[in-house]
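Q: As you go down the protein sequences, you meet chains F and S in turn.
All the letters of the first sequence, read from the start, carry residue numbers 1 to 561 under my numbering.
All the letters of the second sequence, read from the start, carry residue numbers 1 to 561 under my numbering.
Where is the CB? At the ideal position from N, CA and C, for every residue including glycine.
Protein chains: 2
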Amino acid sequence: MNGNALKVIPLGGLGEIGRNMMALEYGNDIVVIDAGVLFPDAQTMPGVDFIIPDITYLTRNKEKVRAILITHGHEDHIGALPYVLADLPVPVYSSRLTHGLITVKLREHGMLKDARLNVMEPHFPFSVGLFKVEFFRVCHSIPDAMGIAVTTPLGTVIHTGDFKIDHTPVDGRSTDFASLALIAEQGVLLLCSDSTYAEVAGYTPSEQVVGEAIDRAMGDAKGRVMVATFASLVSRMQQVIDAAVKHGRKVAVVGRSMIGNSKMAASMGYLNVPEGTLISLNEARKLPHNEVVILATGAQGEPTSALVRIANGEHRDVEVVKGDTVIISASPIPGNETVVYDTIDNLLRQGAHVLYSKIALVHVHGHASQEELKMMLSLVKPKYFVPVHGEYRHMVAHAGLAKAMGIPDDNVFVLEDGDILELDQYGGDVVGRAPAGHVFMDGQRMLSNRARAGDEAARAAVPAAASAGADGVVEVLLFVDRRNNIIVTPPGIVTSGFVPLEESQELLEKVSENAQIPLERRPKRGVDWDNVRDEVAASVSVFLYEETGRRPAVVVKIEDA
Amino acid sequence: MNGNALKVIPLGGLGEIGRNMMALEYGNDIVVIDAGVLFPDAQTMPGVDFIIPDITYLTRNKEKVRAILITHGHEDHIGALPYVLADLPVPVYSSRLTHGLITVKLREHGMLKDARLNVMEPHFPFSVGLFKVEFFRVCHSIPDAMGIAVTTPLGTVIHTGDFKIDHTPVDGRSTDFASLALIAEQGVLLLCSDSTYAEVAGYTPSEQVVGEAIDRAMGDAKGRVMVATFASLVSRMQQVIDAAVKHGRKVAVVGRSMIGNSKMAASMGYLNVPEGTLISLNEARKLPHNEVVILATGAQGEPTSALVRIANGEHRDVEVVKGDTVIISASPIPGNETVVYDTIDNLLRQGAHVLYSKIALVHVHGHASQEELKMMLSLVKPKYFVPVHGEYRHMVAHAGLAKAMGIPDDNVFVLEDGDILELDQYGGDVVGRAPAGHVFMDGQRMLSNRARAGDEAARAAVPAAASAGADGVVEVLLFVDRRNNIIVTPPGIVTSGFVPLEESQELLEKVSENAQIPLERRPKRGVDWDNVRDEVAASVSVFLYEETGRRPAVVVKIEDA
Chain F
1 MNGNALKVIP
11 LGGLGEIGRN
21 MMALEYGNDI
31 VVIDAGVLFP
41 DAQTMPGVDF
51 IIPDITYLTR
61 NKEKVRAILI
71 THGHEDHIGA
81 LPYVLADLPV
91 PVYSSRLTHG
101 LITVKLREHG
111 MLKDARLNVM
121 EPHFPFSVGL
131 FKVEFFRVCH
141 SIPDAMGIAV
151 TTPLGTVIHT
161 GDFKIDHTPV
171 DGRSTDFASL
181 ALIAEQGVLL
191 LCSDSTYAEV
201 AGYTPSEQVV
211 GEAIDRAMGD
221 AKGRVMVATF
231 ASLVSRMQQV
241 IDAAVKHGRK
251 VAVVGRSMIG
261 NSKMAASMGY
271 LNVPEGTLIS
281 LNEARKLPHN
291 EVVILATGAQ
301 GEPTSALVRI
311 ANGEHRDVEV
321 VKGDTVIISA
331 SPIPGNETVV
341 YDTIDNLLRQ
351 GAHVLYSKIA
361 LVHVHGHASQ
371 EELKMMLSLV
381 KPKYFVPVHG
391 EYRHMVAHAG
401 LAKAMGIPDD
411 NVFVLEDGDI
421 LELDQYGGDV
431 VGRAPAGHVF
441 MDGQRMLSNR
451 ARAGDEAARA
461 AVPAAASAGA
471 DGVVEVLLFV
481 DRRNNIIVTP
491 PGIVTSGFVP
501 LEESQELLEK
511 VSENAQIPLE
521 RRPKRGVDWD
531 NVRDEVAASV
541 SVFLYEETGR
551 RPAVVVKIED
561 A
Chain S
1 MNGNALKVIP
11 LGGLGEIGRN
21 MMALEYGNDI
31 VVIDAGVLFP
41 DAQTMPGVDF
51 IIPDITYLTR
61 NKEKVRAILI
71 THGHEDHIGA
81 LPYVLADLPV
91 PVYSSRLTHG
101 LITVKLREHG
111 MLKDARLNVM
121 EPHFPFSVGL
131 FKVEFFRVCH
141 SIPDAMGIAV
151 TTPLGTVIHT
161 GDFKIDHTPV
171 DGRSTDFASL
181 ALIAEQGVLL
191 LCSDSTYAEV
201 AGYTPSEQVV
211 GEAIDRAMGD
221 AKGRVMVATF
231 ASLVSRMQQV
241 IDAAVKHGRK
251 VAVVGRSMIG
261 NSKMAASMGY
271 LNVPEGTLIS
281 LNEARKLPHN
291 EVVILATGAQ
301 GEPTSALVRI
311 ANGEHRDVEV
321 VKGDTVIISA
331 SPIPGNETVV
341 YDTIDNLLRQ
351 GAHVLYSKIA
361 LVHVHGHASQ
371 EELKMMLSLV
381 KPKYFVPVHG
391 EYRHMVAHAG
401 LAKAMGIPDD
411 NVFVLEDGDI
421 LELDQYGGDV
431 VGRAPAGHVF
441 MDGQRMLSNR
451 ARAGDEAARA
461 AVPAAASAGA
471 DGVVEVLLFV
481 DRRNNIIVTP
491 PGIVTSGFVP
501 LEESQELLEK
511 VSENAQIPLE
521 RRPKRGVDWD
531 NVRDEVAASV
541 SVFLYEETGR
551 RPAVVVKIED
561 A
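1. Rounded to the nearest angstrom, how far is the Cβ of Val138/S from that of Gly161/S, given a contact under 8 Å?
2. Where do the ends of the alpha helix (DSSP H) carrying Met405/S lie?
3. So Glu199/F contacts chain S; which residues on that side make the cut at Cβ distance below 7 Å?
4. So which of Val240/S, Met226/S, Gly269/S, Ile493/S has the shortest CA-CA distance to Val318/S?
5. For a test of the three-state rule: what should DSSP assign to Asp242/S, helix, strand or coil?
6. For Tyr203/F, which residues in chain S fall below 7 Å Cβ to Cβ?
7. Of the residues Ser193/F, Thr156/F, Tyr270/F, which one's Cα is nearest the Cα of Asp144/F?
8. Between Ala397/S and chain F, is the shortest Cβ-Cβ distance under 8 Å, so that the two count as touching?
9. Should the region 87 to 99 of chain S be regarded as contacting the region 214 to 233 of chain S, the criterion being three or more beta carbon pairs within less than 8 Å?
10. Looking at the structure shown, is Lys164/F part of a helix, part of a strand, or coil, going by DSSP?
11. Does the contact criterion of 3 or more C-beta pairs under 8 Å hold for the region 179 to 190 of chain S versus the region 63 to 82 of chain S?
12. Report yes if the CB atom of Ala244/F is closer than 8 Å to the CB atom of Met264/F, and no otherwise.
13. In this structure, does DSSP put Ile183/S in helix, strand or coil?
14. Do the region 241 to 257 of chain F and the region 286 to 297 of chain F touch if we need at least three Cβ pairs shorter than 8 Å?
15. Helix, strand or coil for Glu25/F? Go by DSSP, reduced to three states.
16. Measure the C-alpha to C-alpha separation of Asp455/F and Asn514/F and round it to an integer number of angstroms.
17. Is the beta carbon of Val480/S sitting closer than 8 Å to the one on Val540/S?
18. Just to make sure I have the definition right: I need the residues of chain S whose C-beta is within less than 8 Å of the C-beta of Glu391/F. Which are they?
19. Tell me the DSSP bridge mates of Ile190/S?
20. Helix, strand or coil for His353/F, going by three-state DSSP, please let me know.
21. Would Asn28/F and Asp424/F be called neighbours here (beta carbons separated by less than 8 Å)?
22. At least one CB of chain F closer than 8 Å to the CB of Gly454/S: is that the case?
23. Would you say Arg19/S lies against chain F (beta-carbon separation less than 8 Å)?
24. Please compile the residues from chain F whose C-beta is within a distance smaller than 7 Å of the C-beta of Arg349/S.
25. Answer with buried or exposed for Arg393/S, where buried requires no fewer than 16 other C-beta atoms within 10 angstroms of its C-beta.
26. Going by the DSSP bridge assignment, what does Ala252/S pair with across the sheet?
27. Taking contact to mean 3 or more Cβ pairs, one atom from each stretch, closer than 8 Å, check whether the region 345 to 364 of chain S and the region 175 to 186 of chain S are in contact.
28. What does the Cβ neighbour count give for Pro408/S, buried or exposed, with the cut at 16 atoms within 10 Å?
29. Thinking C-beta only, is Leu355/S closer than 8 Å to Thr325/S?
30. Which of helix, strand or coil does DSSP assign to Met226/F?
31. Between which two residues does the beta strand (DSSP E) containing Val84/F stretch?
32. When the Cα of Arg309/F is compared with those of Gly18/F, Glu283/F, His289/F, Val340/F, which residue comes out closest?
33. Distance, Cα to Cα, His609/F vs Phe163/F?
34. Are there three or more Cβ pairs, one per stretch, closer than 8 Å when the region 19 to 38 of chain F is compared with the region 113 to 133 of chain F?
35. Go ahead and label Glu372/F buried or exposed: buried means 16 or more other beta carbons lie within 10 angstroms of its beta carbon, across all protein chains shown.
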């Protein structure tokens, strides 16, 4: 292949749920789609607040990066913006509500002033470098979600973002197939499509069924109704408010993010709240129970959320009583099952009537199931297909659908983060790897930077490094000859804030020796350098803790010699 | 109520999945149903191998305990027998295969010689004290599973054990409704029925659909087929062997427990293996891939299991190659989702075709869904109903079904472990509490003994105590006046194997003081003594670790003054 190929470089969200980011590169232009965070499992990674993509590839090619395009306002698509924009101060393009959410986020980080944020309506093409970009409306579990068409000199790339097909969405704005069909008519080089629910047969139900279930539950309830859902799920808030108004109830909103988002959505016109509907918790306590709805966070069992404190009898203002109805309008995100079900059990123990997704239709998710994915494939008819967003098995399932729909096996690429796929008219191939490890963040600070994906060693090693940033940072530099699979010189060690090392040349040498132990164990055939990086980090972490009782953050960098 | 009431005392398995045990008491006779273990979450409770029921209530009433009746041979029903029989050397009654599994277990513990094990055929009533006991055949995910009818002077109690209704089970032995109907005809006082899948509408599919799916997958496979399932799932082994024979393949069994169970089941006639079908892994390696089936453990992502080592490329003898088909014939047990899906992703990354329960009908579970539970209720028509086996919400859902079937609200009891339910002809009431905390075991040894059920404090405190049994045991004795909610004397401290304490009177006194801190903080209205026990244990653990750097197991006992 040559310089006239299109490079497709996923930097997050392929092989995992969250932390979405993808780069498209042609010649001297790079455009980035999304910049999200991934929330780690609190039990296995204490001290890590979230994980962002490794943008080394982008900073190395800084002069080429023209813009960041955002599909929608969920944290796993916008959460990394403050950190990415600090290194890459490029323009950001998004829809209106997404722009509102990004504005809130950047203001919190004191970065709003310098940001170059642009609001784009769907179906108004604009230029970014030599790319032509056009947003098209999709349905998802947040209003104003967009798919993106990027027209390159080689052809058009369609990135669906997160989507489902909903003919009766709460805001009345369906996935815009007509416009998509017009775009697709010119021929589509590549489709990148949401794989999160590619395992699931059939169609994802419409939001409408949830509205009906909430309405029915509110009509049946003799006492208070509490609804817990995601703070970003504006359409669910609307359904709760609509049902409350219909059944003569007032709504008290509880939880910082829920209050903030409902205010923002109402002020921007995405949430329609009849005057006098919203009341404070204090006012709610003076009303008869059958005139009250409490809308709260905590649907994922978050320990400090309103719902969990209520369930545990630890909330200052709200105590569950017999006759209360609690609606958990969400499904547990994988890994949260235990805490969510503990919360449900505790609510039941206190006598509440609890409706949750396993026993009632009080939640539908925002992702397309198999028949919808086929619909997208059949409408777009792409030459090449890259499943995006999902665990590896979701992408494999999605690839299976694409092949079954007639896309040749050789034109379907199941990638993972960091793969550099080069495409031209004649075919495609993975030609290299970009750094794409997990970058662990503690609030504002980067803790460490490691290879990813099912890597237990990395996962186990993180808490040590992460939970005690006060112990400083130890950097290990490996200079490698990738062609011959060898380390060129003994590892270099650089420390900052880690006192013992600065005082002891002997310890420093031991660290260097220790960093080489995993290198000696590496397999003869084919070295996975990401893996080596992890093992070195783990080995050095353990050694330093054993020798000094301290847990500095250990950062391993691999440089080509 | 008076001495002529029946006491129903769940000691494990109500409000959690696992560790099943229930006692029935009338006058001077107690009969115990099941004695199982619960496997803890390895991440949150390192060092704890399993959890057994607290049998304090039974040992206090030792002279009354007549027998232990076992419903079936799963670990969560038989696993605690070695520890229970050590304190309560009473006769054990079970079906034939269950007896075989119990025999293996007690032999491992050197306890077989003194055990009084009895094999009972279904529908042969036998006497245990003044109770008349009769087993009746049910379907479950292990052969020879039984429900139990216990006739007391007040009426008959039906305990279903774990069950589902399967009209086409692999062994041809359906749930025996005819015999159950005969028993029920005399009138049933109480039904205790399996709640594990009471949230799920409809019917659980028959094992037959799994056999068909495995057969089809084996017919389609071009290369090797690996099947991972539970070592106790003898019917699944049979389906794999049947399909292998049909498609001209040999079967290599991998994994200690899988090999042991398949041998035992074959020798007892529960597994039909045509001669020459089973081969060693070494022999398998010499055969063409399309003549090989590997049957392995690891369906729950157990880190040391054959499948997980294969998936991670760490198995000495088996490497996944493109063309391999892997069938995960199990669903992830709650809490295991992440490791199971990581395993699937790793197999896919290596090019295997993977079939798992989300995308193919390669597993059905062994528990009745709602329509089957209604069938049981409608057949037995009990006066009283106690849902058993399940998280709290499962039992609440099951109670809802019973009420919808016409059992009066006052006759349905959602209990939790330790509740003492007293029943007579006129009604029922929870009259007291038996100790029913989690007893944590490290192999053979008891580590500590704590209150249970969603108790994060207990969970967090355990690893400290549990992971260093070498530091000895510290017992704290609290003498309490429950009527007045007070502690009568300063806590007593008894130590064994914890050296520092024996040497220091001062430290001992500090421990006693420390044990009182949580007591001072207790609420004024209504003391939860289980909670107090936990808090005292946590407080003393932390204090001892801070003072001595050691982590003895801390056992808190509450005695009535």
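A: Reading off the structure:
1. 6 Å
2. Run containing Met405/S: none; DSSP gives neither H nor E here.
3. Lys358, Ile359
4. Per the Cα distances, Met226/S.
5. helix
6. Within 7 Å Cβ-Cβ: nothing; Tyr203/F doesn't reach chain S, min ~17 Å.
7. Tyr270/F
8. yes
9. Using a C-beta cut-off of 8 Å, the region 87 to 99 of chain S makes no contact with the region 214 to 233 of chain S, since fewer than three inter-stretch Cβ pairs fall below that distance.
10. strand
11. no
12. A distance of 8 Å or more separates the beta carbons of Ala244/F and Met264/F.
13. helix
14. yes
15. strand
16. Residue confidence for Asp455/F is low, a pLDDT of 40 falling below 50, so the modelled location carries little weight; the figure read from the coordinates is stated next. Answer to the nearest angstrom: the Cα atoms are 21 Å apart.
17. Cβ distance not < 8 Å, so Val480/S and Val540/S don't count as in contact.
18. Tyr341, Asp345
19. Here residue 190/S turns out to be Leu, not Ile, going by the sequence shown. Answer by DSSP bridge pairing, in chain order: Val157/S, Tyr384/S.
20. strand
21. In this structure, Asp424/F does not lie closer than 8 Å to Asn28/F by Cβ.
22. Unreliable placement is indicated for Gly454/S, whose pLDDT of 41 sits below 50; the coordinate value is still reported in the next sentence. So, interface residue.
23. Proximity of Arg19/S to chain F, defined by a Cβ-Cβ separation below 8 Å, is not satisfied.
24. Tyr392
25. buried
26. DSSP lists Ile279/S, Ile294/S as partners of Ala252/S.
27. No, the region 345 to 364 of chain S is not in contact with the region 175 to 186 of chain S.
28. exposed
29. In this structure, Thr325/S lies near Leu355/S, with their beta-carbon atoms less than 8 Å apart.
30. strand
31. Segment 81 to 87 is the alpha helix (DSSP H) holding Val84/F; no beta strand (DSSP E) there.
32. Of Gly18/F, Glu283/F, His289/F, Val340/F, the residue nearest in Cα terms is Val340/F.
33. This structure cannot speak to residue 609/F, because chain F is shown only from 1 to 561.
34. Flag = yes, the region 19 to 38 of chain F and the region 113 to 133 of chain F touch.
35. Around the C-beta of Glu372/F, 16 or more other C-beta atoms lie within 10 Å, and the residue is accordingly described as buried.
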